[in-house]
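**Student:**
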Amino acid sequence: MAKPADVSDSEWEAQVLKSDLPVLVDFWAPWCGPCRMVAPIVEELADEYQGKVRFYKLNTDENIETASRYGIRSIPTIMVFKGGEAVDQVIGFRPKSDLKRSLEKAFS
Amino acid sequence: MAETAKEYDVVIIGGGPAGLAAGLYAARGRRRTVLLEKGVVGGQISLTDIVENYPGVPSVNGFDLAQTMLKQAESYGLESEYVPVSALERAGKRWRVRTGAGELLAKAVIVTTGADYNRLGVPGEERLTGRGVSYCATCDAAFFKGQEVAVVGGGDAALEEGLFTTRFAGKVTVIHRRDALRASRILQERAFANPKMHFLWNTVVEEVLGEEFVTGLRLRNVVTGAEDVMPVAAVFVFIGHHPNADFLRGLAAMDGGGHALVDDWMATDVPGLFAAGDVRQNSARQVASSVGDGVTAAIAADHYISASFPD
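Top line first, the protein sequences correspond to chains A and B.
Sequential numbering from 29 applies to the first sequence in our numbering.
Sequential numbering from 362 applies to the second sequence in our numbering.
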């Protein structure tokens, strides 16, 4: 199973904003229960979109700069980026179909 | 080609403590059982930082407790599917359960759909949800380090989550519509002793203020009628719950509050349909009582299947 890689504040620009492919970022923290429910769903999507989308997770405890830059006030939050721009955001635990719909916006 | 419905002895709808306990007993009774969950296993406790009133378990994270219950039940053969249920209907002597991923047939159905939190229902609340309005302090409190925040409510959840929030926030004000809390005494003692916790009595929220993020609350004192604006960066809402039983309407007897009516064995007035936990009338709404309900329903369902579907 394709596990999303960790991304940090210092890698954000190169890995996410300058990515040639669309990017899905899972904002999470170890103490957040619902985040742990989202993780396996994101992994399933990472399998399905292999080669088409890059998947990252960002620990909001350790990467405060990026979390506050995007105004994250609630986790889990899933953001989809294309060409360095945020194209969609899903706040809170949602079923896979919702996350997929959000991800598809990168291709419309 | 039409897909044939999967056949089960017991279908459990809802994966909170009641459903997980029912699943454990049904699976150990060697009934073919599936648990259907639309979101997060554990229900309300999956959002709880620490559960410390479940006998035999001194202190445990709510999400971890639910995962342990699930693994325990699955080790005896419980199946689980993460799909929403769209309809429940009679199919002869059995039940047909329509889900987001096809149809199931069951000899008995145990409804453990629990309850969902109430919203304030004031302007600004929906627009600013996830932007300072929160129903889960364990998820979101850490984003308000050193800031002033509000908690609305006067029950156990309000105080537990308020106390949790003091780990991060600089000041936590509990806003309550009455002048006394209904939370358990031990939580009240802790809350009153915590220097970061403050209380605003006889007060209700009229509006959540802010453009992009929450910046404050418009408040009204219900005794004097005086209005006031309190600047806060976040508001955590814990003002009770409503049962998730709309799909039972017209199927089984319910009370005015939308709870399922059951007998001492968690049986509704319809044969083969059981309801347990927060979704039923007069639930004590605790992990321990819901677990007891679920166990009772599973045993009753087992007896029902033996009597109604003799081999």
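Glycine is no exception: its CB is placed at the ideal position from the N, C-alpha and C atoms.
Can you grab the Cα-Cα spacing for the pair N18 (chain A) / V53 (chain A), in whole Å?
**Tutor:** For chain A, the structure presents residues 29 to 136; residue 18 (chain A) sits outside this window and is missing.
**Student:** Can you tell me whether DSSP reads V444 (chain B) as helix, strand or coil?
**Tutor:** Three-state DSSP puts V444 (chain B) in coil, outside helix and strand.
**Student:** Find the nearest neighbour of A434 (chain B) within the set B:N414, B:L381 and B:G463, judged by alpha-carbon distance.
**Tutor:** Looking at the Cα atoms, B:L381 is the closest of the given residues.
**Student:** Strictly under 8 Å for the Cβ-Cβ distance: is A503 (chain B) near chain A by that measure?
**Tutor:** So, interface residue.
**Student:** Is the beta carbon of G516 (chain B) closer than 8 Å to that of R480 (chain B)?
**Tutor:** Not closer than 8 Å, so no.
**Student:** For V395 (chain B), count the other beta carbons within 10 Å of its own beta carbon; 16 or more makes it buried, fewer makes it exposed. Which is it?
**Tutor:** Label assigned to V395 (chain B): buried.
**Student:** Apart from the five residues just before and just after I119 (chain A), which ones in its own chain have a Cβ nearer than 6 Å to its Cβ?
**Tutor:** So the list reads S102 and T105, once near-sequence residues are dropped.
**Student:** Going by the beta-carbon positions, is the gap between A552 (chain B) and V575 (chain B) smaller than 8 Å?
**Tutor:** Their beta carbons are not under 8 Å apart, which means A552 (chain B) does not touch V575 (chain B) by this criterion.
**Student:** Is there a Cβ from chain B that is less than 8 Å from the Cβ of A57 (chain A)?
**Tutor:** It does; some Cβ of chain B falls within 8 Å.
**Student:** Return the CA-CA distance between T527 (chain B) and F560 (chain B), expressed in angstroms with no decimal places.
**Tutor:** Their Cα atoms are separated by approximately 13 Å.
**Student:** Taking the C-alpha atoms as reference points, what is the distance between S47 (chain A) and G79 (chain A)?
**Tutor:** Straight-line Cα distance between these residues: approximately 12 Å.
**Student:** The beta strand (DSSP E) spanning F121 (chain A) covers which residue range?
**Tutor:** Run containing F121 (chain A): none; DSSP gives neither H nor E here.
**Student:** Between the alpha carbons of G390 (chain B) and E368 (chain B), how many angstroms are there, rounded?
**Tutor:** The straight-line gap from Cα to Cα measures roughly 17 Å.
**Student:** Measuring CA to CA, which of B:R538, B:R492, B:A645 and B:S495 is closest to E567 (chain B)?
**Tutor:** Of the candidates B:R538, B:R492, B:A645 and B:S495, the one whose C-alpha sits nearest the C-alpha of E567 (chain B) is B:R538.
**Student:** Locate the beta strand (DSSP E) running through Y478 (chain B), then write down its first and last residues.
**Tutor:** Where Y478 (chain B) is concerned, the enclosing beta strand (DSSP E) stretches over A476 to Y478.
**Student:** Taking 8 Å as the CB-CB limit, is V372 (chain B) close to chain A?
**Tutor:** By this cut-off, V372 (chain B) is not an interface position.
**Student:** When the Cβ atoms of the stretch 119-134 of chain A are set against those of the stretch 634-643 of chain B, are three or more pairs found closer than 8 Å?
**Tutor:** With the cut-off at 8 Å, the stretch 119-134 of chain A and the stretch 634-643 of chain B do not touch.
**Student:** Extract the residue ranges of the beta strand (DSSP E) inside the stretch 385-440 of chain B, only unbroken runs of 3 or more that lie entirely within it.
**Tutor:** Whole beta strand (DSSP E) segments, 3+ residues: 394-397.
**Student:** Using a threshold of 8 Å, state whether the C-beta atoms of T473 (chain B) and G375 (chain B) are closer than that.
**Tutor:** Yes, they are a contact pair.
**Student:** Unbroken beta strand (DSSP E) runs of length 3 or more, entirely within the stretch 484-552 of chain B: which are they?
**Tutor:** Listed in chain order, the complete beta strand (DSSP E) runs (minimum 3 residues) inside the stretch 484-552 of chain B are 509-513 and 532-536.
**Student:** In the DSSP output, what is R457 (chain B) paired with across the bridge?
**Tutor:** DSSP output for R457 (chain B) lists B:E450 and B:L466 as bridge partner(s).
**Student:** Looking only at DSSP bridge pairs, what is P604 (chain B) linked to?
**Tutor:** In DSSP, P604 (chain B) forms a bridge with B:A476.
**Student:** In whole angstroms, give me the CA-to-CA distance for E521 (chain B) and G404 (chain B).
**Tutor:** Roughly 17 Å separates the two Cα atoms.
**Student:** How far does the beta strand (DSSP E) with V57 (chain A) in it reach, from first residue to last?
**Tutor:** The identity of residue 57 (chain A) in the sequence shown is Ala, whereas the question assumes Val. Where A57 (chain A) is concerned, there is no enclosing beta strand (DSSP E), given that its DSSP letter is neither H nor E.
**Student:** Using the three-state DSSP reduction, which class does L634 (chain B) fall into: helix, strand or coil?
**Tutor:** Reduced to three states, the DSSP call for L634 (chain B) is strand.
**Student:** Can you give me, in chain order, the residues of the stretch 472-504 of chain B that have a beta carbon less than 8 Å from any beta carbon in chain D?
**Tutor:** Checking the listed chains, one finds no chain D in this structure; the protein chains it contains are A and B.
**Student:** Could you check the C-alpha separation between D518 (chain B) and R646 (chain B) for me, to the nearest Å?
**Tutor:** One detail in the question is off: residue 518 (chain B) reads as Ala in this sequence, not Asp. In a straight line, the C-alpha of A518 (chain B) is about 12 Å away from that of R646 (chain B).
**Student:** State the Cα-Cα distance for the pair G633 (chain B) and L622 (chain B), rounded to the nearest angstrom.
**Tutor:** Distance between the alpha carbons of G633 (chain B) and L622 (chain B) is about 14 Å.
**Student:** Cβ closer than 7 Å: which chain A residues qualify as neighbours of E509 (chain B)?
**Tutor:** In chain order: nothing, as chain A lies at least about 15 Å away.
**Student:** Taking C-alpha atoms, which residue in B:A388, B:T490, B:A659 and B:N555 lies nearest to S436 (chain B)?
**Tutor:** Answer by Cα proximity: B:A388.
**Student:** For A363 (chain B), which of helix, strand or coil comes out of DSSP?
**Tutor:** Confidence in A363 (chain B) is poor, its pLDDT being 48 and thus under 50, which makes the residue's placement unreliable; the coordinate value appears in the next sentence. The answer is coil: DSSP assigns A363 (chain B) none of H, G, I, E or B.
**Student:** Relative to the C-alpha of L449 (chain B), which candidate in B:D370, B:A613 and B:L489 has its C-alpha closest?
**Tutor:** Nearest C-alpha to L449 (chain B): B:A613.
**Student:** Between the Cα of C497 (chain B) and the Cα atoms of B:V458, B:V565 and B:F597, which residue gives the shortest distance?
**Tutor:** Nearest option by C-alpha distance: B:F597.
**Student:** Which residues of chain A have a Cβ atom closer than 8 Å to the Cβ of S407 (chain B), listed in chain order?
**Tutor:** Simply G61, P62 and M65.
**Student:** How about K367 (chain B): is its C-beta nearer than 8 Å to some C-beta of chain A?
**Tutor:** False, the Cβ-Cβ gap to chain A never drops below 8 Å.
**Student:** Anything in the stretch 558-574 of chain B with a Cβ closer than 9 Å to a Cβ of chain A? List those residues in chain order, please.
**Tutor:** The stretch 558-574 of chain B vs chain A, Cβ under 9 Å: E573 and F574.
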